[in-house]
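J.:
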Amino acid sequence: MFFYKNRKKIDFSGIKEPIILFMLFYLPGFISQNQIFDGSVFNSLQFNLIYIITIIPRILLILYLIEKKPTQKRELYGIGRLRGRDILASLLYFAGIMLIVAVAGMIFGLITSIANFDEVASPLWEFNNWSLIPLVFLTCLSIGYSEELFFRSYLLTEFHLPGKGIYAVAVTSLVFASGHIYQGFLGFPVTFVIGFFLGIMFIRKRNLHSIAIAHGLYNFTILILSGTWNQFT
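Residues in the sequence shown are numbered consecutively from 526, following my numbering.
1. Across the stretch 740-751 and the stretch 663-674, are there enough close Cβ pairs to call them in contact, namely three or more that are closer than 8 angstroms?
2. What span of residues does the alpha helix (DSSP H) with Ile591 cover, start to end?
3. Closest by CA to Glu542, which one among Ile591, Leu574, Ser557, Asn568?
4. Return yes when the Cβ of Gly712 is within less than 8 angstroms of the Cβ of Ser786, no when it is not.
5. Taking just the CA atoms, how far does Met726 sit from Ile578?
6. With a CB to CB cut of under 6 angstroms and the five nearest residues on each side skipped, what residues in its chain are close to Phe550?
7. So, under 8 angstroms CB-CB, Phe701 and Phe676 are touching, yes? Tell me the CB distance rounded to an integer number of Å.
8. Under a three-way DSSP split, which group does Phe527 fall into?
9. Between which two residues does the alpha helix (DSSP H) holding Lys689 run?
10. Measure from the alpha carbon of Asn732 to the alpha carbon of each residue in Ala620, Thr664, Leu748, Arg599, then state which is nearest.
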């Protein structure tokens with residue numbers, strides 16, 4: 526085993542904090558996602574209020590932990606004041622996400638037609654409480670910021686090794702997609718590609734706002750489209 530002597534040892538001590546945060550915030554939902562899923566939850570005023578109230582401490586805790594990092598490392602997390610160009614970038618990223626979903630939908634349609642399936646993919650969500658649109662938008666935005674802060678800003682910066690960014694993006698996207706298995710046949714692969722896309726954008730630009738807003742806009746759009754679908758079918 527002499528050829529291992531000169532190899533640099535990788536310090537895995539920094540993995541403890543991310544694992545603890547993942548177990549605290551996401552593991553319960555990951556292992557019970559098929560049992561707790563309810564496509565109509567966003568119609569509830571109580572659900573939206575509770576979700577926003579409970580997600581704020583999660584965001585603040587991660588921001589606090591980042592604030593305790595060395596100054597030179599803190600800058601890599603892409604956290605700063607919101608600028609106009611961040612919103613413009615988020616709209617471009619949102620368009621990219623919608624393109625990914627559209628392509629996935631066409632592939633799904635092609636597969637089902639070849640396999641002679643008569644089923645058409647119906648919306649996963651059942652949103653129809655239009656009076657809650659402003660609140661639901663805030664909920665979707667909070668989801669975008671919470672998930673992008675953890676899975677992209679925090680994890681990618683913690684796990685990023687020089688020259689290994691693509692692997693970090695792939696691994697974090699895989700974990701991110703694992704939380705969307707409940708979405709069915711397309712849920713896992715589509716979420717993986719979306720996560721990978723947002724991860725690459727974050728690695729390139731180091732800006733949390735643009736990917737978080739794009740994520741929130743996507744969630745909000747899917748809910749609105751589900752309500753429109755259910756109204757006319």
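Idealized CB from N, CA, C, for every residue including glycine.
T.: Walking through what the data contain:
1. yes
2. 570-592
3. Ile591
4. Any question about residue 786 goes unanswered here, given that the chain covers just 526 to 758.
5. Looking at the backbone, the Cα of Ile578 and that of Met726 are separated by about 29 angstroms.
6. Arg583
7. 5 angstroms
8. At Phe527 the pLDDT is 38, less than 50, meaning the model places this residue with poor confidence and gives no usable figure here.
9. Run containing Lys689: none; DSSP gives neither H nor E here.
10. Arg599
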